Amino acid sequence: MNPVVREALRRIGLATFVSAVLGFFALPLLWLAFTPFDANPGIAASLPDFTLHNFKILMDNPYALESMRNSVLLAAGTALLVVVCAALAAYALSRVRVPGRDALLYVLLLLSSIITGTAAMVPIFLLAFNLHLIDSRLGVVLVLTGGLLPAAIFLLKDFTDATPTSYEEAARVFGASPLQILRHVVVPVIRPGLATVGVWTVAQVWGDFLMPFLLLRNPDKAPASVIMYTFYTEGGQPDLPLISTFSLLYSLPVVVMYLFVSRRYGFRFHGGIKR
Amino acid sequence: MAPLTSPPSEAARRGGTAAASAGGDAAGLGRGRAAAFVAPALVLIAVFLVFPALWTLYLGTTDYRLTGIAASEPKFVGAHNYGDVLGDGDFHHSLWLTLQFVLGSAVIGQTLLGFAIAWVMRDRKGLVRRVVEALVLLAWILPGSVIAFLWIALLDRDGGTLNALLGTPGTAWLIDHPMACVIVFNVWHGTAFSMMLYGAALGNVPPSHLETARLAGASTLQTLRDAVLPRIRGHVLTSLLLISLWTFNDFTPFLITAGGPDHRSEIMSVYVYRTALGDGRLGFGAAISLVMILINLVIALVYLRALRERGRREPREAVTA
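Residue numbers (the working numbering), protein chains in the order written: chain A, 303 to 577; chain B, 59 to 379.
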């Protein structure tokens, strides 16, 4: 074949492929981008007849904002518990030589990736039931924390291993107690690691549907992921102005967190231990 | 727990003995306090992660139900549930659908599309690449409930964007082809990981190899087979296992089809939810849970083995999984 023709064909093929990829990935997202601002929101994506009225409908819905608050509570509670427990454990495991600690971490990481919320939903549900943690936010937080901790400890231990011990030694020479050293020397040094793990936890919990769906009964406690599902499954016609604005508002924090983490630390979400 | 401000002499003494026995204990933590630091995390992991998995073994041997007599006093039924699960027609059907789901969407769909995007974008810069990457990533990071509705809207029978675009009004995609919809959806949702992974892996292929292949007049397929594949083989195997594990445990299809219509998209994760919490057969559901955990374990062990072998072959890259 003539090389010029071949090169032209190659370019056409490439352009077709790139357009197809763009179309495939953009098509479902168009609805999310346009409909919240459309005066006549429909099920098909179309260029909007611009209005902000739909957001007023969102603000007037009693469950919408309440569910965002619940999502914040679950995400913040889990992140706090995960960061504190993981930081303490990671620091101790990094600095004090415990026999078999690498094997322990390895096994925990393995367990957290095979005992997923999906695979273990029956025993988790029964455990929560027997501990009277059904319909309790604390129950959701505890279950999610148990699943996220191994990866969090692993990440933070890596971080702590990489920081030199000289600051801690210097502080000790000046008579600081171990807990003082931890609070005033170690925490500031590993703060980027703590922030990364915190944001990672928030992102995991924010999007999680299964655990709150399984463990919470009262719609007043349901987070955004579960309320969103009831918006389009309960009742005949989906309430499009509400669903569209709610989706947009609920998605924004995830995008912001992603941009923040990838800008700041050049770290991309390890889809890793998703539950 | 020791008081926050213990006198320096005491701290030094404790630290001294601890440092002697355990090198690197710079803050003078000592074994006792180290154990206290690790304990909260270990307790939470033990109660809410490890215990449920072990408990499944027992639950699967009972006739536990959500309501009725068997809810308050479950009886021991031995291996009965396990026999029932393995002989259940719905279970076989679900296993077959799960295989289609994992092979179709993750192993073939996400991997091929992710690699193709990474390959085409490898030496591009600028707007097109940024837009493609942003869209693929958005599909990955947006909450499951949101993207599920986006696909319901896209595939809607009466006013869906797809029908409007194809000029096929009234085609009920989710009812006529539920499994295909869920598979295409998951390709859309999960391609980002493969794209990023192969993007990074292709960065490790020396440009001189590609240049040599080009000068030798090799076609794209030949270049991929002879110059690229040998370099990224380790990544391919490990990423295949990883996305298989995630896809197998994905619950998002429930949000789109809820397993229906008529169980035709009832993959394993939806099947276990329906039997245990929908039908209330918790003992039976626990037996399915155990089967799923065992499948996860097999995939994870093969993954670790592949990772170790890769580490042996290319020690420097072993860490960047």
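Every residue, glycine too, gets a C-beta built ideally from N, C-alpha and C.
Since the model is a prediction, treat every value here as computed from it, not as a measurement.
Cβ-Cβ distance between residue i and residue j below 8 Å
i	j	result
Val-240 of chain B	Phe-159 of chain B	yes
Ser-323 of chain B	Pro-311 of chain B	yes
His-293 of chain B	Ala-259 of chain B	yes
Leu-591 of chain A	Ala-366 of chain A	Because chain A spans 303 through 577 in this model, residue 591 of chain A falls outside it and cannot be assessed.
Ile-325 of chain B	Ser-152 of chain B	yes
Ala-392 of chain A	Thr-462 of chain A	yes
Thr-120 of chain B	Ile-351 of chain B	no
Pro-319 of chain B	Pro-264 of chain B	no
Pro-330 of chain A	Leu-212 of chain B	yes
Ala-92 of chain B	Val-556 of chain A	no
Glu-470 of chain A	Val-488 of chain A	yes
Gly-88 of chain B	Gly-341 of chain B	no
Ala-377 of chain A	Trp-502 of chain A	no
Phe-306 of chain B	Ile-353 of chain B	yes
Ile-205 of chain B	His-247 of chain B	yes
Ala-478 of chain A	Ala-388 of chain A	no
Thr-353 of chain A	Phe-339 of chain A	yes
Pro-480 of chain A	Ser-373 of chain A	no
Phe-173 of chain B	Ser-277 of chain B	no
Bounding residues of the alpha helix (DSSP H) (the contiguous stretch that carries residue i)
i	result
Gln-158 of chain B	147-159
Asp-437 of chain A	First-last for Asp-437 of chain A: undefined, no H or E at that position.
Glu-324 of chain B	Looking at the DSSP string, Glu-324 of chain B is not in any alpha helix (DSSP H), and its letter there is neither H nor E.
Thr-310 of chain B	310-315
Asp-234 of chain B	231-234
Asp-362 of chain A	355-362
Arg-428 of chain B	No statement about residue 428 of chain B is possible, as the shown extent of chain B runs from 59 to 379 and does not include it.
Ala-85 of chain B	Here Ala-85 of chain B belongs to no alpha helix (DSSP H), and DSSP marks it neither H nor E.
Pro-521 of chain A	Premise fails: Pro-521 of chain A is in no alpha helix (DSSP H) and is neither H nor E.
Met-179 of chain B	Per DSSP, Met-179 of chain B belongs to no alpha helix (DSSP H) and is neither H nor E.
Ser-302 of chain B	287-306
Leu-495 of chain A	The sequence shown places Gly at residue 495 of chain A, rather than the Leu named in the question. 493-509 is the span of the alpha helix (DSSP H), which, as asked, contains Gly-495 of chain A.
Thr-219 of chain B	219-224
Phe-109 of chain B	109-117
His-267 of chain B	265-273
Val-424 of chain A	423-432
Tyr-534 of chain A	526-535
Closest by C-alpha distance to residue i, when choosing among the options
i	options	result
Leu-263 of chain A	A:Leu-457, A:Pro-305 and A:Val-424	The requested residue 263 of chain A is not part of the displayed model; chain A covers only 303 to 577.
Pro-110 of chain B	A:Ala-422, A:Val-557 and A:Tyr-560	A:Ala-422
Gly-495 of chain A	A:Leu-429, A:Leu-390 and A:Ala-341	A:Leu-390
Gly-344 of chain A	A:Thr-547, A:Tyr-560 and A:Val-556	A:Thr-547
Ala-243 of chain A	A:Asp-437, A:Leu-451 and A:Leu-360	Here chain A covers residues 303 to 577 and nothing more, so residue 243 of chain A does not appear.
Leu-435 of chain A	A:Leu-332, A:Asn-342 and A:Pro-514	A:Pro-514
Ala-85 of chain B	A:Ala-505, A:Ala-472, A:Glu-368 and A:Leu-516	A:Ala-472
Leu-362 of chain B	A:His-355, A:Phe-352 and A:Leu-412	A:Leu-412
Ser-369 of chain A	A:Thr-337, A:Phe-327, A:Asp-522 and A:Phe-533	A:Asp-522
Leu-542 of chain A	B:Phe-207, B:Leu-144, B:Val-189 and B:Ile-175	B:Phe-207
Arg-180 of chain B	B:Gly-257, B:Trp-304 and B:Leu-161	B:Gly-257
Arg-188 of chain B	A:Arg-312, A:Val-374 and A:Leu-324	A:Leu-324
Leu-332 of chain A	B:Leu-193, B:Trp-177 and B:Thr-270	B:Leu-193
Supposed contact pair residue j and residue i - C-beta distance, whole angstroms, cut 8 Å
i	j	result
Ser-415 of chain A	Lys-459 of chain A	Incorrect: roughly 17 Å between the Cβ atoms, too far for contact.
Ala-346 of chain A	Gly-184 of chain B	Ala-346 of chain A to Gly-184 of chain B, Cβ: 32 Å. No contact.
Ser-203 of chain B	Tyr-560 of chain A	The Cβ separation is near 17 Å, so there is no contact.
Ile-103 of chain B	Leu-410 of chain A	6 Å
Val-328 of chain B	Gly-317 of chain B	4 Å
Leu-457 of chain A	Val-499 of chain A	6 Å
Neighbour flag for residue i against chain B, beta carbons, 8 Å
i	result
Thr-318 of chain A	no
Val-307 of chain A	no
Ala-346 of chain A	yes
Ala-246 of chain A	In the structure as shown, chain A starts at 303 and stops at 577, and residue 246 of chain A therefore has no counterpart that could be examined.
Ser-527 of chain A	yes
Ala-453 of chain A	no
Glu-368 of chain A	no
Met-361 of chain A	no
Phe-427 of chain A	yes
Val-374 of chain A	no
Trp-502 of chain A	no
Pro-330 of chain A	yes
Any chain A beta carbon closer than 8 Å to residue i
i	result
Phe-207 of chain B	yes
Ser-327 of chain B	yes
Leu-365 of chain B	no
Pro-311 of chain B	no
Tyr-140 of chain B	no
Ser-64 of chain B	Legend: pLDDT at Ser-64 of chain B = 35, less than 50; position of this residue unreliable, value from coordinates given subsequently. Yes - at least one Cβ of chain A is within 8 Å of the one on Ser-64 of chain B.
Leu-153 of chain B	no
Arg-371 of chain B	no
Asp-214 of chain B	yes
Ser-130 of chain B	no
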